[in-house]
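J.:
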Amino acid sequence: MAEPVIRPRHDDDLPACVRTLAAVHRADGYPAAWPAEPERWLTPRELLGVWVAVDGSAVVGHVALTRTGPALAASVGHPEEQLGAVARLFVDVPARRGGLAATLLARAARAAAEDGRRPVLEVESGAAGAIALYERAGWRLVGTAPGDWLTTAGQPAVVHTYVGPV
Ligand SMILES: CC(C)(COP(=O)(O)OP(=O)(O)OC[C@H]1O[C@@H](n2cnc3c(N)ncnc32)[C@H](O)[C@@H]1OP(=O)(O)O)[C@@H](O)C(=O)NCCC(=O)NCCS
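The end of the sequence shown is residue 904 by this note's numbering, with every number in the run present.
Have a look at this one:
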């Protein structure tokens, strides 16, 4: 079978992205609360770039790069304009452990570097698979703080901030 292709997301990919996100939400509770407008959630205003992994007509992976807000910039200790936040990273359950997320993460980090930005990200402390992925890829934990939402277990979220390798 052919390998999934990673390419920039097109607007007409959005329905397939939402279908995959719904499966990830059911399997992993990501995102913790299902968004009222999932296509909008996948398209934050601060978007710098967004990519999908496609296998035929199915979207099997997704990642975005966004501008950061002041709180994240303060916790990293760099000006906002020097940072790019990796966000909305997910891989469909049957497509996992084949290196797709690592490739999507590297794609977004490369785009950040090409734009003169250091890649950063935030991850909920219970997302063990994602944390293993980031640490394996050489990302460094720089801070931990309370999040402003509840996990699927109803507990206040704790958020780790990571900075990508140079
Ligand atoms: C986290 C996630 C994106 C990983 O996707 P993936 O395509 O399976 O990851 P990869 O195959 O690229 O993994 C690369 C490496 O990361 C680590 N890793 C990834 N998932 C892991 C898991 N569940 N447990 C332990 N290590 C894991 C491993 O070192 C893996 O290498 P290996 O398979 O050779 O051991 C996927 O599980 C997912 O979509 N989870 C739900 C959404 C989510 O948590 N997103 C992140 C929000 S911050």
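Just so it is clear, CB atoms sit at the ideal spot from N, CA and C, and this is done for glycine as well.
Which same chain residues end up closer than 8 Å to residue 740 when comparing Cβ atoms and leaving out the 5 residues on each side of it in sequence?
T.: 793.
J.: Please name the residue, chosen from 832, 781, 868, 773, that lies closest to residue 746 on a Cα-to-Cα basis.
T.: The shortest C-alpha separation from residue 746 is found at 781.
J.: Need the endpoints of the alpha helix (DSSP H) that residue 776 sits in, please.
T.: Here the alpha helix (DSSP H) through residue 776 covers 776-779.
J.: Using the DSSP secondary-structure output, state which residues sit across from residue 860 in a beta bridge.
T.: Residue 860 is bridged to 899.
J.: Grab the span of the beta strand (DSSP E) containing residue 751 for me, first residue to last.
T.: Looking at the DSSP string, residue 751 is not in any beta strand (DSSP E), and its letter there is neither H nor E.
J.: Within the same chain, show all residues whose beta-carbon is closer than 8 Å to that of residue 788, passing over the 5 residues directly before and after it, in chain order.
T.: Excluding sequence neighbours, residue 788 sits near 746, 747, 780, 781, 800, 801, 802, 803, 826.
J.: Is the beta carbon of residue 752 within less than 7 Å of some heavy atom of ligand 1?
T.: Residue 752 Cβ: outside cutoff for every heavy atom of ligand 1.
J.: Could you check which residue in 790, 845, 848 has the C-alpha nearest to that of residue 833?
T.: If we check each option's Cα against that of residue 833, 790 comes out closest.
J.: Given 7 Å as the limit, tell me if residue 845 has its C-beta closer than that to any heavy atom belonging to ligand 1.
T.: Because no heavy atom of ligand 1 lies under 7 Å away, the Cβ of residue 845 does not count as near it: no.
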